[in-house]
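Report on the following structure.
Protein chains: 2
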Amino acid sequence: MAIDTATAQRQVLDAADALFYERGVQSVGMDAIRTASGVSLKRLYQLFPSKDALIEAYLHQRDQQWKTMLAEHVDAATEPREKILAVFDFLHSWFTQKDFRGCAFINSFGELGAVSPKVAELAQEHKAGFRQALADLAAAAGAADPQQLADHLILLSEGAITTSAISGSAAPATRAREAAELLMQLALPAR
Amino acid sequence: MAIDTATAQRQVLDAADALFYERGVQSVGMDAIRTASGVSLKRLYQLFPSKDALIEAYLHQRDQQWKTMLAEHVDAATEPREKILAVFDFLHSWFTQKDFRGCAFINSFGELGAVSPKVAELAQEHKAGFRQALADLAAAAGAADPQQLADHLILLSEGAITTSAISGSAAPATRAREAAELLMQLALPAR
DNA sequence: TCGTCGGGAGAACGGGCGTTCTCTCGCGGT
DNA sequence: ACCGCGAGAGAACGCCCGTTCTCCCGACGA
């Protein structure tokens, strides 16, 4: 065996992640992933029985990575209010990554959501997870209506993601942070 | 001549609009548009020299339609503050259309933005136009910083569009409207 | 009436893609 | 040393798609 199964999987997933995210899921052929990963097609199909399965794994991995990065930023803050603002700092640092091209779930949903129920479902789950995280933060900060504040914050976040992707600027993150601060003034008890 | 050039063009554009929007640009073949429009392939290629040209025309048409629908809602309101809220009422009525599947520009950008500069450019122009419209409304409402208010409103709008598309619910429009009201409380001079 | 022009229907072409198959080779066990 | 399993490389297959071509017909001017 040339390479260990686990490392082969990691190589394939890394290559798929980079290519799918950069060019979109449909524009990337299995051959490109074969070339980029250095894993033979035969093995690739042993690890992932179809392109759809690979797409699923790609989205799953993105979800994990995204949650981890978000948690790192949020955990670094101590004050509940600061933790909410840290979400937008996280967005800003994400937007300034040179390969930033929007949210993988929004992009995949736009490509395949109407045609692949699985992709649509994964996008919903990802966004639901984010919403839950925001709701927890809002509750911890003592919001009178944490669900409402969470909804407002998620709108700002999603808006910032797509606006930043299309405009190519990271400014929407700071604008969203501004707006979040204003909304918190109204939704949180005075300190 | 079986059908007049103008009506043939309209039939093709209507078919392309429906199919591209519903299934995504890349999932729809020229053959499907030929069948749906009833216009022969030969004529189709006389009217639009390539699929790319047809995609461009599709996006252009979407832009026009969208601006028109927005303007109808905004113009129906009289108070400057009401005009801004009318934007979110427009979003709500859009989201409840049975074929709603998010913003055609965001979806196309996710599919082709990285690979087609023309699509990326059209998406930027569309969003810039929306931003300008919001900035005008914010200025008319007497915002201290109309650019900032416009930026906050566009984030709420874009967030509502993608959240609604993925969740399949129109609720984000009302949540965004709520948030917009709160932000206006702070950004506009007391009445 | 005849020829020609333009359009409709759909076959054809060239290329790409997802998936599978073939061939070959190196390695481990006896 | 030999056998056979599994892996790598890439050809092959079947299908789809964008684009062009062919063939046929109906309309219209001389």
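In the order they appear, the protein sequences are chains A and B. Under numbering that gives the first Met the number 0, the first residue of the first sequence carries the number 0, and numbering increases by one thereafter. Under numbering that gives the first Met the number 0, the first residue of the second sequence carries the number 0, and numbering increases by one thereafter. Built from N, CA and C at the ideal position, the CB exists for glycine as well. Remember, predicted model here, so these are calculated numbers, not experimental data.
Going along the chain, which unbroken runs of the alpha helix (DSSP H) with 4 or more residues stay wholly within the region 50-93 of chain A? With a minimum length of 4 residues, the continuous alpha helix (DSSP H) runs that stay inside the region 50-93 of chain A are 50-75.
Assuming the contact rule is C-beta atoms closer than 8 Å, E110 of chain B and G23 of chain A should be a hit. Round their C-beta distance to whole Å, please. Between E110 of chain B and G23 of chain A the beta-carbon gap is near 6 Å, inside 8 Å, which marks them as a contact.
Is there at least one Cβ from chain A nearer than 8 Å to A5 of chain B's Cβ? So no, A5 of chain B is outside the interface.
Proximity below 8 Å, CB of F179 of chain B to CB of L154 of chain B: Checking the sequence, you will find Ala at residue 179 of chain B rather than Phe. Against a cut-off of 8 Å, the Cβ pair of L154 of chain B and A179 of chain B comes out as no contact.
Proximal residues to A75 of chain A (C-beta, below 7 Å), its chain only, five neighbours per side dropped: Taken in chain order, the residues that qualify are A85.
So T6 of chain A is in the alpha helix (DSSP H); what residue range does that whole segment cover? Note, T6 of chain A: alpha helix (DSSP H), T4 to R22.
Hey, how far is the Cα of V27 of chain B from the Cα of L181 of chain A? One C-alpha to the other measures close to 44 Å.
Could you check if E21 of chain A is buried or exposed, using at least 16 other CB atoms within 10 Å of its CB as the buried criterion? Burial call: exposed.
Test: I153 of chain A CB closer than 8 Å to a CB of chain B: Any Cβ of chain B closer than 8 Å to the Cβ of I153 of chain A would place that residue at the interface, and such an atom is present.
Do A159 of chain A and A143 of chain A have their CB atoms nearer than 8 Å? Contact flag unset, no.
Beta-carbon proximity list for L46 of chain A, same chain, < 8 Å, skipping 5 on both sides: If the five residues before and after L46 of chain A are omitted, its C-beta is found closer than 8 Å to the C-beta atoms of T4, A7, Q8, V11 and V38, all from its own chain and listed in chain order.
Just to confirm, are H125 of chain A and F104 of chain A a CB contact at a threshold of 8 Å? Against a cut-off of 8 Å, the Cβ pair of F104 of chain A and H125 of chain A comes out as a contact.
Should L40 of chain A go down as buried or exposed, given a rule of 16 or more other Cβ atoms within 10 Å for buried? Answer is exposed; the Cβ neighbour count stays below 16.
Reference A149 of chain A, options A:I83, A:K66, A:D30 and A:R33, closest by Cα: Of the residues A:I83, A:K66, A:D30 and A:R33, the one whose Cα lies closest to the Cα of A149 of chain A is A:I83.
Whole-angstrom distance between T161 of chain B and M29 of chain A, CA atom to CA atom: In a straight line, the C-alpha of M29 of chain A is about 29 Å away from that of T161 of chain B.
Taking the alpha helix (DSSP H) that V118 of chain B belongs to, which residues open and close that run? First-last of the alpha helix (DSSP H) with V118 of chain B: P116 to A139.
From F129 of chain B to A17 of chain A, what distance separates their C-alpha atoms? It is roughly 32 Å from the alpha-carbon of F129 of chain B to the alpha-carbon of A17 of chain A.
The alpha helix (DSSP H) enclosing S166 of chain A, as first and last residue numbers: Where S166 of chain A is concerned, the enclosing alpha helix (DSSP H) stretches over P145 to S166.
I want to verify the contact list: residues of chain B whose CB lies under 9 Å from the CB of D150 of chain A, in sequence order. By Cβ distance, chain B contributes T162, A170, P171, R174, A175, E177 and A178.
Using the three-state DSSP reduction, which class does G41 of chain A fall into: helix, strand or coil? It is worth fixing the name first, because residue 41 of chain A is Lys in this sequence and not Gly. In the three-state DSSP reduction, K41 of chain A falls in the helix class (H, G or I).
P171 of chain A - DSSP class collapsed to helix/strand/coil: Helix, per DSSP.
Within the present structure, is the beta-carbon of K66 of chain A separated from the nearest heavy atom of the ligand MG by less than 7 Å? Absent from the structure shown: the ligand MG. Ligands present: none.
Relative to the C-alpha of Q193 of chain A, which residue among A:Q131, A:S156 and A:E157 is closest? Look at the range of chain A in this structure, 0 to 190, and you will see that residue 193 of chain A is not part of it.
Partner residues on chain B for L18 of chain A, Cβ-Cβ distance less than 8 Å: Near L18 of chain A there are no residues of chain B at all, since even the closest Cβ is about 11 Å away, more than 8 Å.
Identify which residue in B:P48, B:Q25 and B:D13 has its Cα closest to the Cα of T34 of chain B. Residue B:D13 holds the alpha-carbon nearest to the alpha-carbon of T34 of chain B among B:P48, B:Q25 and B:D13.
For Y44 of chain A and F19 of chain A, believed in contact at Cβ under 8 Å, the rounded distance: Between Y44 of chain A and F19 of chain A the Cβ distance is about 17 Å, and since that is not below 8 Å, they are no contact.
Buried/exposed call for A127 of chain B, threshold 16 Cβ in 10 Å: Per the 10 Å Cβ criterion, exposed.
Using a Cβ-Cβ distance under 8 Å, would K126 of chain B count as near chain A? So yes, K126 of chain B belongs to the interface.
If you reduce the DSSP assignment to three classes, tell me which class T34 of chain A lands in. The answer is helix: DSSP assigns T34 of chain A an H, G or I state.
Measure the CB-CB distance between A169 of chain B and H91 of chain B and report whether it falls below 8 Å. Between A169 of chain B and H91 of chain B, the C-beta gap is smaller than 8 Å, which places the two residues in contact.
Burial state of A140 of chain A (16 or more Cβ within 10 Å): By the Cβ neighbour-count rule, A140 of chain A is buried, with 16 or more other Cβ atoms within 10 Å of its own.
Counting C-beta neighbours from all protein chains within 10 Å, is the total for V73 of chain A 16 or more, i.e. buried, or is it exposed? With 16 or more other Cβ atoms within 10 Å, it is buried.
Coil, strand or helix - L111 of chain B by DSSP: Three-state DSSP puts L111 of chain B in a helix.
Could you give the C-beta distance for F89 of chain A and L69 of chain A, rounded to a whole number, given that I count them as a contact under 8 Å? 5 Å between Cβ atoms; contact.
Look at the Cβ atom of P79 of chain A, then the Cβ atom of L133 of chain A, and state whether they are nearer than 8 Å. With a cutoff of 8 Å on beta-carbon distance, P79 of chain A and L133 of chain A are scored as not near each other.
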